[in-house]
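Using my numbering, the letters of the sequence shown map in sequence onto residues 17 to 152. First up is the structure itself, then whatever we jot down about it.
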Amino acid sequence: MFLDQDRKGYILRISKDDWERQVFEQKKYYTGLSRGWKLGTIIFFVRKREAGDSFIGYGIVEKIDTLSELTPEEEKYCEENGWKLALKFKYVSKFSTPYPIKNSILSNDVRKGRYLHGVALNEDQVNEILEKAKDS
Numbered sequence: 017m018f019l020d021q022d023r024k025g026y027i028l029r030i031s032k033d034d035w036e037r038q039v040f041e042q043k044k045y046y047t048g049l050s051r052g053w054k055l056g057t058i059i060f061f062v063r064k065r066e067a068g069d070s071f072i073g074y075g076i077v078e079k080i081d082t083l084s085e086l087t088p089e090e091e092k093y094c095e096e097n098g099w100k101l102a103l104k105f106k107y108v109s110k111f112s113t114p115y116p117i118k119n120s121i122l123s124n125d126v127r128k129g130r131y132l133h134g135v136a137l138n139e140d141q142v143n144e145i146l147e148k149a150k151d152s
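This is the structure we're talking about:
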């Protein structure tokens, strides 16, 4: 299996082009969500595409910075957007083709759109999404 049993994954939804570029170029995602963020956790990035909300890539958390650990510019940027921390990734990968959630293991999940933001995934879900998204 891909993950240790005590780790899970999460979904973070990206709503703007600038934020998508930031994730894949700077390997950083700013958030206000409080979750059980741990080093080594897999984060799936979701964005609305033609086929609906789709997995567009993933990252593996390397570092979690609170506001006080950020540069003054980053801290101001976070405060303006209501964010409380930055997830830094040791690795990010963009899927060659977006993988629609409606075709995934989460197809029957009642949460859609913005309600997917912050959803926790168990080990089986993480492994299934990784396998299918890489094949799509």
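Beta carbons: idealized from backbone N, C-alpha and C, even for Gly. In this text, all values refer to a predicted model and were calculated from it rather than measured experimentally.
For residue i, collect the residues of the same chain with a Cβ closer than 6 Å to its Cβ; drop the 5 residues on either side in sequence, then sort them by chain order.
i	result
K100	G48
K54	none
H133	R29
I'd like to confirm the pairing. Which residues does DSSP put opposite residue i in its beta bridges?
i	result
G154	In the structure as shown, the chain starts at 17 and stops at 152, and residue 154 therefore has no counterpart that could be examined.
R29	V62
Y74	F60 and S109
Look at residue i and residue j and say whether their C-beta atoms are less than 8 Å apart.
i	j	result
L137	Y45	no
F61	V39	yes
D125	K104	no
E36	R63	yes
R51	R130	no
K43	V135	no
Spatial neighbours of residue i within its chain, please: C-beta separation below 7 Å, excluding the five flanking residues on both sides.
i	result
D20	Confidence in D20 is poor, its pLDDT being 46 and thus under 50, which makes the residue's placement too unreliable to answer from.
I121	Q141, E144 and I145
G98	G48
K148	Y115 and S120
Given 7 Å as the limit, tell me if residue i has its C-beta closer than that to any heavy atom belonging to the ligand NAD.
i	result
T113	Looking at this structure, you won't find the ligand NAD or any other ligand, since it has none at all.
Three or more C-beta pairs below 8 Å linking the region 59–73 and the region 105–122:
Yes, the region 59–73 touches the region 105–122.
Contained alpha helix (DSSP H) runs [length at least 4] in the region 110–152, N- to C-terminal order
139–151, all fully within the region 110–152.
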